[in-house]
Amino acid sequence: MDELNELRIAARNRLLCCIGGVVALGIAAVAATRQPFLLFFFLVPGIIVSALLMKKPRQRYRAAFKQAYVRRALQSVFTDLYYDPERGISYDTIAATRMMNMGDRFRSEDYISGRYKDIPFEQSDVHIEEERQSTDSEGHTTTEYVTIFRGRWMIFDFNKTFKANVQIAQKGFPNAKRKRFFGKKEELFKPVEMESEVFNKQFRVFAQNEHDAFYIITPSFMERVQSLAAHNKGKLLFCFVGNRLHIAIHDNKDSFEPGSIFKRPDEEKLTQKLRVEIGVITQFIDELSLDNNLFKQSQQSPAEIGGGSPWIN
Amino acid sequence: MNPVLVVIIAAVVLLVGYFISISNRLNRARVKIDEAGSDIDVSLTKRYDVLTKMVDVVKSYARYEKDALFQTIQLRQGMTMREKNEANRLMGESFERIHALAENYPELKASANYNTLQKAIADVEEHLQASRRLYNANVSRYNQMLVAFPTSMIAGMKGLTKEEFFSAEETKRQDVKMDLNF
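So the sequences go chain by chain: X and L.
Following this note's numbering, the numbering of the first sequence begins with 1 at its first residue and continues without gaps.
Following this note's numbering, the numbering of the second sequence begins with 314 at its first residue and continues without gaps.
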């Protein structure tokens, strides 16, 4: 903790020096020239230089926090752990689901893979932005990047074998444009109405095959999904693809990050914060009973299980 | 042209258009029921396949006559929902008989084949439940259309009647009751 605190103090001091330096130079320039607008000339490059100077100490502090505290916390819960704070789930993995608007700028970090209750999983923080252009009355075009997804992306082995892909999207999940959602294969996905009106009010279901939607989304599963939605502040997206379950939580949060550099880290609070963030992964395995392998039988086809067709004409 | 005539023609065109639209909706709902009915057939087939496999495995341990384990269940094309319900019920009874028998044969219960088939049973039951729910959801929507005005009027003209639900087995209902008591 002392070592982490030293790194935090180094980062904080560097930041304070930068701010002080920029302000002092600006004031000196204004005093010498009596031109107040000169302050802005110092301010913009000053902020850029400060950001560059801050990068390393901040990175050192972050890396120390993640390697020491986050890794230790993860090791206490998961087996077969692999943790790399710098990389994340790849763009291709998420794009391959064909269930997510991939935007124009993609970033992911805090990659974790491991097992919980012997269920393999992967997760990372993902940030997807979309380029938007706007033109004012004078014809000037400005381009900005708008966040369309920010939160966790998790992948679990699912405990049922299915053939068609299915999606459950909580209403309000920010990618409701189906054209962007499913890409060229949009036409293969059809909206499915489940028998629960309450569930239909809260979620939209799309599937390549209605039977598989009803096979995966049982009445008990619907209740569990509703319970998970109630316990998570963000909006949820469940993608059942290739016998795996992808879960996205759009909560605008960046997980496994150290606190402010202006606050001395409190070991107890940090442990509690990490426990909550790790709990986001384990709650899905627990609540959805993904460790129940009752239905995950050998990959036999119906024809292999039985003999010929019993139907008579 | 006489404005009254124009109004009458417009009203007739609108009525015919509305009739066609409702009629198509009813037809589509019927097609969905038929599709869901075929889905039940597929699930019943899977269940039957696992049952026959199970009987073969049990016979090799218990030397029981096949007829004692399960009554003759015939699945044929074009079965009514009542017949499908009956076939499903008979399959359920056969599974119960097999489970009861397996209790007396520990080596059977411990065999890999028996355990593999137990998992297969759980999965086919789950598929059957999915088919049942999908079918019943479609039937429910269709039956609601038949009683709601003005669809009911057009359905009456077309001679459409309510569809029968595919019911859950009695044992499954009891399972649900038990679960609720906890």
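Where a beta carbon is used, it is the ideal one built from N, C-alpha and C, also for glycine.
Note that the structure is a prediction, hence the values are computed from the model and not measured.
C-alpha distance - residue i paired with residue j, whole-angstrom precision
| i | j | result |
| --- | --- | --- |
| L74 of chain X | T97 of chain X | 27 Å |
| Y374 of chain L | L421 of chain L | 6 Å |
| I321 of chain L | G330 of chain L | 14 Å |
| S289 of chain X | V368 of chain L | 31 Å |
| D80 of chain X | E476 of chain L | 53 Å |
| Q283 of chain X | N232 of chain X | 10 Å |
| H127 of chain X | G151 of chain X | 7 Å |
| L16 of chain X | A51 of chain X | 12 Å |
| C18 of chain X | C239 of chain X | 46 Å |
| G469 of chain L | I333 of chain L | 14 Å |
| G317 of chain X | S108 of chain X | There is simply no residue 317 of chain X to check, as chain X begins at 1 and stops at 313 in what is shown. |
| Y69 of chain X | K263 of chain X | 17 Å |
| A423 of chain L | K372 of chain L | 15 Å |
| Y427 of chain L | I112 of chain X | 38 Å |
| G259 of chain X | H250 of chain X | 21 Å |
| M54 of chain X | R14 of chain X | 7 Å |
| R224 of chain X | A413 of chain L | 33 Å |
| S480 of chain L | D352 of chain L | 15 Å |
| V317 of chain L | G172 of chain X | 50 Å |
| Q340 of chain L | A164 of chain X | The sequence given here has Asn at residue 340 of chain L, not Gln. Roughly 26 Å separates the two Cα atoms. |
| T365 of chain L | T393 of chain L | 23 Å |
| Q202 of chain X | A400 of chain L | 37 Å |
| R446 of chain L | M99 of chain X | 25 Å |
| F78 of chain X | K269 of chain X | 21 Å |
| G114 of chain X | D291 of chain X | 14 Å |
| L430 of chain L | D436 of chain L | 10 Å |
| D266 of chain X | E6 of chain X | 14 Å |
| T474 of chain L | R338 of chain L | 15 Å |
| S227 of chain X | A349 of chain L | 29 Å |
| N252 of chain X | P174 of chain X | 11 Å |
| E3 of chain X | G234 of chain X | 34 Å |
C-beta contact flag for residue i and residue j at 7 Å
| i | j | result |
| --- | --- | --- |
| S124 of chain X | D136 of chain X | no |
| F158 of chain X | R244 of chain X | yes |
| L237 of chain X | A229 of chain X | no |
| F162 of chain X | D212 of chain X | yes |
| A95 of chain X | Y61 of chain X | no |
| V192 of chain X | A207 of chain X | yes |
| E130 of chain X | D92 of chain X | no |
| I335 of chain L | T464 of chain L | yes |
| R71 of chain X | Y83 of chain X | yes |
| M154 of chain X | I47 of chain X | no |
| F214 of chain X | A443 of chain L | yes |
| R8 of chain X | I261 of chain X | yes |
| I285 of chain X | I119 of chain X | yes |
| S356 of chain L | L441 of chain L | yes |
| T255 of chain X | M222 of chain X | Per the sequence shown, residue 255 of chain X should be read as Ser rather than Thr. No, these two residues do not count as a Cβ contact at 7 Å. |
| P85 of chain X | K56 of chain X | no |
Residue i (DSSP reduced to helix, strand or coil)
| i | result |
| --- | --- |
| T393 of chain L | coil |
| Y418 of chain L | coil |
| E122 of chain X | strand |
| T161 of chain X | coil |
| H140 of chain X | coil |
| K190 of chain X | strand |
| G405 of chain L | helix |
| D110 of chain X | strand |
| S334 of chain L | helix |
| L4 of chain X | helix |
| I281 of chain X | helix |
| A169 of chain X | strand |
| Q133 of chain X | strand |
| F393 of chain X | The structure shown has nothing for residue 393 of chain X, since chain X only spans 1 to 313. |
| M154 of chain X | strand |
| T474 of chain L | coil |
| R445 of chain L | helix |
| I386 of chain L | coil |
| F203 of chain X | strand |
| R105 of chain X | strand |
| R115 of chain X | strand |
Distance cut-off 6 Å: residue i Cβ against heavy atoms of the ligand MG
| i | result |
| --- | --- |
| D286 of chain X | Among the ligands in the structure shown, none appear at all, so the ligand MG cannot be discussed. |
query: Is the region 140-155 of chain X close to the region 185-203 of chain X, with three or more CB pairs under 8 Å?
result: no
field: Entirely enclosed beta strand (DSSP E) segments - the region 63-100 of chain X, minimum 3 residues
entry: 79-84
message: Just to confirm the assignment: which complete beta strand (DSSP E) runs, minimum length 3, are found wholly within the region 208-279 of chain X?
response: Uninterrupted beta strand (DSSP E) stretches at least 3 residues long and entirely within the region 208-279 of chain X occur at 235-241, 244-250, given in chain order.
query: Contact between the region 356-365 of chain L and the region 399-409 of chain L: three or more CB pairs below 8 Å?
result: yes
query: Do three or more CB pairs link the region 218-228 of chain X to the region 449-467 of chain L at distances below 8 Å?
result: Contact between the region 218-228 of chain X and the region 449-467 of chain L is absent, because fewer than three Cβ pairs lie under 8 Å.
message: Any contact between the region 18-31 of chain X and the region 41-55 of chain X? By contact I mean 3 or more CB pairs, one from each, below 8 Å.
response: yes
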